[in-house]
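Here the structure is laid out as structure tokens; the discussion comes afterwards.
Number of protein chains: 2
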Amino acid sequence: MKRTFVVLFLLLFVSTATAQEAITGFTPENAKKQLTLEKAFEAKLNTDNLDQWMRKMAAEPHWVGTDYGRENAEWIQKQFKSWGYDAKIETYHILFPYPKVRLLELTAPTTYKAKLTAVPVEGDEFTGQGDALLPSYNAFSTDGDVEAELVFVNYGIPKDYEELDKLGIDVKGKIVIAKYQGSWRGIKPKLAAEKGAIGCIIYSDPQDDGYVRGDVYPKGAFKNKTGVQRGSVMDMPTYPGDVLTPGYGATKDAKRLDREQAPTITKIPVLPISYEDALPLLEALEGPVAPNKWKGGLPITYHVGPGPAKVHLKLEFDWQLTPAHNVIATLQGSEYPDQWVMRGNHHDAWVHGANDPISGMVALMEEARAIGELARKGNKPKRTLVYCAWDAEEPGLIGSTEWVEDHKEELQRKVVAYINTDGNGRGFLGAGGSHSLQQMVGEVASAVIDPQKGVSIKERRSAVNLVNGGKEEFELYALGSGSDYTPFIQHAGIASLNLGFGGENAGGEYHTIYDTYPHYTRFKDPGFQYGVTLANTAGRITLRLANADVLPFAFKPWQATVSGYLDDIMKSCTEMRKAIEKHNNMVDKNVFELAADPKKPFVRPEKKEAVPFLDFTPLQNQLAALETSIQTLSEADISKLSMDKRVKMNQKLMLAEQALTSDAGLPRRSWYKHQIYAPGFYTGYGVKTLPGVREAIEQKNWNEAQEQIGVLAATLKRFHAHIDEMNNML
Amino acid sequence: MKRTFVVLFLLLFVSTATAQEAITGFTPENAKKQLTLEKAFEAKLNTDNLDQWMRKMAAEPHWVGTDYGRENAEWIQKQFKSWGYDAKIETYHILFPYPKVRLLELTAPTTYKAKLTAVPVEGDEFTGQGDALLPSYNAFSTDGDVEAELVFVNYGIPKDYEELDKLGIDVKGKIVIAKYQGSWRGIKPKLAAEKGAIGCIIYSDPQDDGYVRGDVYPKGAFKNKTGVQRGSVMDMPTYPGDVLTPGYGATKDAKRLDREQAPTITKIPVLPISYEDALPLLEALEGPVAPNKWKGGLPITYHVGPGPAKVHLKLEFDWQLTPAHNVIATLQGSEYPDQWVMRGNHHDAWVHGANDPISGMVALMEEARAIGELARKGNKPKRTLVYCAWDAEEPGLIGSTEWVEDHKEELQRKVVAYINTDGNGRGFLGAGGSHSLQQMVGEVASAVIDPQKGVSIKERRSAVNLVNGGKEEFELYALGSGSDYTPFIQHAGIASLNLGFGGENAGGEYHTIYDTYPHYTRFKDPGFQYGVTLANTAGRITLRLANADVLPFAFKPWQATVSGYLDDIMKSCTEMRKAIEKHNNMVDKNVFELAADPKKPFVRPEKKEAVPFLDFTPLQNQLAALETSIQTLSEADISKLSMDKRVKMNQKLMLAEQALTSDAGLPRRSWYKHQIYAPGFYTGYGVKTLPGVREAIEQKNWNEAQEQIGVLAATLKRFHAHIDEMNNML
């Protein structure tokens, strides 16, 4: 037993051994068994199931609250039961707006009434379901009835407003029109409202999402002129989930905020439109020609405004408490029933959602089916598996968030890790998550074969990175937001992963009526080869976490990555200082005014506050100290470890991620507890690493930046103590 | 007298003195006189003259051979005579093609006949002159009648064909359609023919030259959907000028090549079209979607082809010997009549040419008028001034080239420098030329005031550079080709300058029927303020060269610049070596194939020949030795120099540029004698510095590269000897 552990810990904490059979967290003997099990698992995966299940679940629209959505949940529950899982539906009662009135019209200098309807296309019967299709809108836009001059604000992100400042253009009292992309959509109305706009229109420009990219549906995969991207604009960077029950479960009898007080509903009405509807509006703008980078793919000269185009936007929603049905399916662990490995994917869609989310959902189900079958034949996982099919992800990660909030205390005690998937397609592995899991995920990626090229998915990912000028090494990306891992990692501090394939599945169907079975099987993953590859990848990861002798967390990659984040921040701080010095010098020399074209709008730039020298040493010292401890842990002679200690060690490993959270959470958004990863306050999905410090610097809030350095150092100190507690067990 | 010379040479060879009154090449006393003269000159400049003369000369189309063109030449001659110049017309007889048949039609899968006609616009009567307007065509396209499948080749430059190779697409036997821009237009049919294409269509894409840039004419300055850019496609990088008389003047009785043998007429027919005419052709293409960087501003998905679009292109020209009338106006120098300072601008246009070339022509005339007036009042220039109005620049720099070839021997003895101008507009100084003149031009730029901002044009240029992330210091750009300086500097080795203002004069009128007086005065230089500023700048440069006690050549800036060119080349060689090593390594690892999408065209890249280590030491040693001699010349105590030696020194200074030429010229294009500057063989206008060496490396012709290093080193040695002869006079 003792000798076993020497080898075991060496495998765990030192870098991956060379022999193919060596896998992190397993004794050599158990590694062999595990790899045999994984091969048996892989052999059971069948593309036909994915195909059939997608046909079934994506046959009709199934957003939260629909009968078809509930039927899907019940059907999923039934499937899980048939595979030997203990499956239940947990329902929350969430606020969900359905669009009653949607009016957008150009009222000057000419008139145009926006159609707001995508057309059915030949060869895709699903697009012809008429009134059954959810009208295009942005969920959690406030009600409103506004009329004002229009201003084109590019993507409507912070640097676009800097450009508007240079042009001397103010959006106060105006309605803005912004292109989709450049940030998560919810940032656009949030920022527009902060700048004083009274309404916001979002459209898909053909350059980013239309004919410029490729042939449009149904000839090709891309967005035709009538397609509209639906989507939530809830202020998720403040908190996701039900807008009325922040931080706790939206159970039937939960105390709720008044809707008028809900801070995550937008301040101004916002509506998404097609590029066909955007064209007359943009064409009617005058004022300065848009900066070159703002110009899109419509056959017009893009102007910024304001006006003479004037628009009238009227939106009314039916705000109802709506049931959201999460399916929770459990397969009890044979050795550690109170250690849960969790897997999840949402089941609700905006319309049919063949790609988003059903392509991921059917992969998860096939994975669960195969594992259930293996379990029935005597290969029960050692730890408990919990498979989840979330409802109401689309309007704001609501199903998963309410569930995590509701069960937070138990989850923080029991969950080893949460593995998320969502839409999936042909291409390369994209894997994000807690960097303590990077080594294990890399090992699994070495074991899974790419269905098109016959090499490992890791090798293919590496080839793509190299061709695009990136690194050869396998790395996890850092998680921001955008799917159901958010409540797990950001709020509960549970180590999480997000997995998916893509890169050869481009299209314009996202959140439109065109995300259908015919579109998916023509353009996204014909034959479901990558659906099965996702099941294979996520399933192996799940099984490794479930069966590992010692949980396969490795902190050296974590240390290297987090040190890199700090280096980044310090470098960007220095660059910001230099750039501001240069700028101020140029202002002093009147260079901007001398260079400016007197026939174009010009606002003389102001001098900017100099960037102070921040004291990063608390972070540098903590990371240096941590490095030593992590090195110790990875090199230690742990031959003296008893079985009892091993159980305790696993317990400590599970909880390590939670040591990276702080109860107070991030400034102005206490729901976000994690101190290493968060979605950006002004990017929405895009991650900000070391967010407290990084965002304070980006916002030039120097006092807060110094304060957050202290907060983060204290978190790292707690994490260090946690690592040292493990070292003390050795 | 002796003391004078100490100061004099210090001014000449050391950097510019700080006192405003100190100017390179003048004794303090003469500097004062010169600055007084320049002020008097400036005071005489009158925008009204420019306005009137443009109205006159741009009233009707006046391409070479037209009656209106001849009348303009005669009128210019008359003006010069009235200002006291000895003015004559020197006529050459050049081959010039006039379009008889222009047919372009889509023949499959649908049909479309190209209109090939720009429409008249309201508010611009000149655009309504109907048949008097020259039909749109590319001069020196060969006759042809071809029909074939179409291939879209982006800009049709070398790297675009590399991209086509990756897609496995060959243009052999096809007709290519290329966007204007990315290179000089003549490169497109040249390269297409080298690749086996049988026809070439060039169009203006709205992204580069149309509504994407700004509002179109007549609402704004940019190209409307019917505008077509005319222009020469003669193979000027081989030799410019008359295609039948390479290297010698196209006099009446000159021996001429057969047209069929003329190497600079294109090998395949080529026709320019509007984006209105291009749209149905591009829309009919299938095959791979164009790479992202190739996509333009038309509202379509750009495909590469080949086919199914098939086009029929038929072109026939009337090939006539046509008289080209150069106006040569001389003002005899009072002290050094055999030292000529030359000024030139062309007078022929494609259509009305209000901007190109009349805006530059009227500035030159106003400058000459003012100088003539000063001369009549006793301020005769010390050296002879020769003002030239060139004909037939548009079809291939023909008027100037024939004249230079015809008078080469005399010019090489007598010309101090040639100063060129061409189209001009609102904005910032752009000055290119021989770097031995950089110091003097910089001093003049300090003395001329920007009409919009009230600071010197040098200061404004510097502000623009800084705002665009460039250098604060004033620098000349290196001359490639594109206007009449080419025969002077590239062929005869005469120090040259090219001057113009721009940057706030964007538009789409270039070589179209929209380059008219109304367009010019609305969008290019309303009020002719920059026309007069150009006259002021070029006039002061001319007067300084004419009156300098010692010619204001300074070689330290030359040395620094040329050393920079060598550093560039060595660096790019190293980068090329590294890139090829990386590429070959990736080919070995099969990375490209692993990364490729199996559903898209893919050609496995080949390994490339490794870049050898070239021996640059001959150039490094020559430049190092030169640096010492140039330092000596600039620091020397030349107090012992006699008046006689001063005359000899001036003679040596005049001829220094010629020491940078070699009789053999560049490989495969012996007309180009200059060893420091040449237009690129595959860029056309774009300069290649140290061209023999640089282009051999770019073409991966390693033997030739090493050989050209030797040739260039020998040239630098001759130049060094020339500098040392001056040192020996000290």
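As they're listed, the protein sequences go chains A and B. Using full-length UniProt numbering, the letters of the first sequence correspond one by one to residues 1 to 730. Using full-length UniProt numbering, the letters of the second sequence correspond one by one to residues 1 to 730. By construction, the Cβ of each residue, glycine as well, lies at the ideal position given by its N, Cα and C atoms.
Closer than 8 Å to chain B by CB, residue i
i	result
residue 25 of chain A	no
residue 185 of chain A	no
residue 519 of chain A	no
residue 305 of chain A	no
residue 504 of chain A	yes
residue 195 of chain A	no
residue 652 of chain A	no
residue 212 of chain A	yes
Three-state secondary structure (DSSP) of residue i
i	result
residue 101 of chain B	strand
residue 167 of chain A	helix
residue 325 of chain A	strand
residue 206 of chain A	helix
residue 407 of chain A	helix
residue 94 of chain B	strand
residue 240 of chain A	coil
residue 140 of chain B	coil
residue 272 of chain B	strand
residue 46 of chain B	coil
Chain A contact for residue i (CB, 8 Å cutoff)
i	result
residue 301 of chain B	yes
residue 215 of chain B	yes
residue 298 of chain B	yes
is_contact[residue i, chain D] using C-beta, thresh 8 Å
i	result
residue 598 of chain B	In the structure shown, chain D does not exist; the protein chains are A and B.
Proximity test, residue i beta-carbon vs the ligand ADP heavy atom, cut-off 7 Å
i	result
residue 91 of chain B	Although the ligand ADP was asked about, the structure shown includes no ligands whatsoever.
Run through the region 489-556 of chain B for me and flag every whole alpha helix (DSSP H) of 4 or more residues, listed as ranges in chain order. Here the runs fully enclosed are 529-547.
What are the uninterrupted segments assigned as beta strand (DSSP E) that are 3 or more residues long and contained completely in the UniProt domain "Transferrin receptor-like dimerisation" (619-720) of chain A, given in chain order? Counting only runs of at least 3 residues, the UniProt domain "Transferrin receptor-like dimerisation" (619-720) of chain A fully encloses the following beta strand (DSSP E) elements, listed from N- to C-terminal order: 677-679 and 687-689.
Counting only runs of 4+ residues fully inside the region 413-471 of chain A, write out the alpha helix (DSSP H) ranges in chain order. Segments of the alpha helix (DSSP H) lying fully in the region 413-471 of chain A: 438-447 and 457-467.
For the region 450-483 of chain B, which residues have a beta carbon sitting closer than 7 Å to at least one beta carbon of chain A? Within the region 450-483 of chain B, contact with chain A at the beta-carbon level (separation under 7 Å) is assigned to 452, 453, 455, 459, 460, 463, 464, 466 and 467.
What are the complete alpha helix (DSSP H) segments, minimum 4 residues, inside the region 562-617 of chain A? Taking only runs of at least 4 residues, the alpha helix (DSSP H) segments lying wholly in the region 562-617 of chain A are 591-595.
At a Cβ cut of 7 Å, what residues of the region 581-598 of chain A count as close to chain B, listed as they run along the chain? Taking 7 Å as the Cβ-Cβ cut-off against chain B, the residues of the region 581-598 of chain A that qualify are 586, 591, 592, 594, 595, 597 and 598.
The region 267-294 of chain A: positions lying closer than 7 Å to chain B by Cβ: Residues passing the 7 Å Cβ filter: 289.
Inter-stretch contact (C-beta, 8 Å, three-pair minimum) for the region 119-131 of chain A and the region 203-221 of chain A: At 8 Å Cβ cutoff, the stretches touch.
Which ranges does the alpha helix (DSSP H) cover as unbroken runs of at least 4 residues, wholly within the region 101-138 of chain B, from first to last along the chain? The qualifying runs do not exist here; there are none.
Three or more beta-carbon pairs under 8 Å between the region 270-289 of chain B and the region 164-181 of chain B, yes or no? By the Cβ test, the region 270-289 of chain B is in contact with the region 164-181 of chain B, since at least three Cβ pairs between them sit closer than 8 Å.
Does the region 50-63 of chain B touch the region 303-310 of chain B, meaning 3 or more C-beta pairs lie closer than 8 Å? With a cut-off of 8 Å, the region 50-63 of chain B and the region 303-310 of chain B do not count as touching, because too few Cβ pairs lie within range.
Quick check: the region 480-487 of chain A against the region 395-402 of chain A, are at least 3 beta-carbon pairs closer than 8 Å? Between the region 395-402 of chain A and the region 480-487 of chain A there are three or more C-beta pairs closer than 8 Å, enough to call the two in contact.
Given 8 Å, three or more beta-carbon pairs between the region 436-454 of chain B and the region 471-480 of chain B: When C-beta atoms of the region 436-454 of chain B are compared with those of the region 471-480 of chain B, three or more pairs fall below 8 Å, so the two segments count as touching.
Flag this pair as touching only if the region 235-252 of chain A and the region 385-399 of chain A have three or more C-beta atom pairs under 8 Å; answer yes or no. Judged by Cβ distances under 8 Å, the region 235-252 of chain A makes contact with the region 385-399 of chain A, as three or more pairs qualify.
Would the region 64-75 of chain A count as touching the region 367-379 of chain A if we require 3 or more Cβ pairs under 8 Å? Segments in contact, no.
With three or more C-beta pairs closer than 8 Å as the rule, is the region 503-517 of chain A touching the region 348-359 of chain A? Taking one beta carbon from each stretch, the region 348-359 of chain A and the region 503-517 of chain A have 3 or more pairs nearer than 8 Å; the two touch.
Does the region 610-620 of chain B come close enough to the region 542-549 of chain B that 3 or more CB-CB pairs lie under 8 Å? Short answer: they don't touch.
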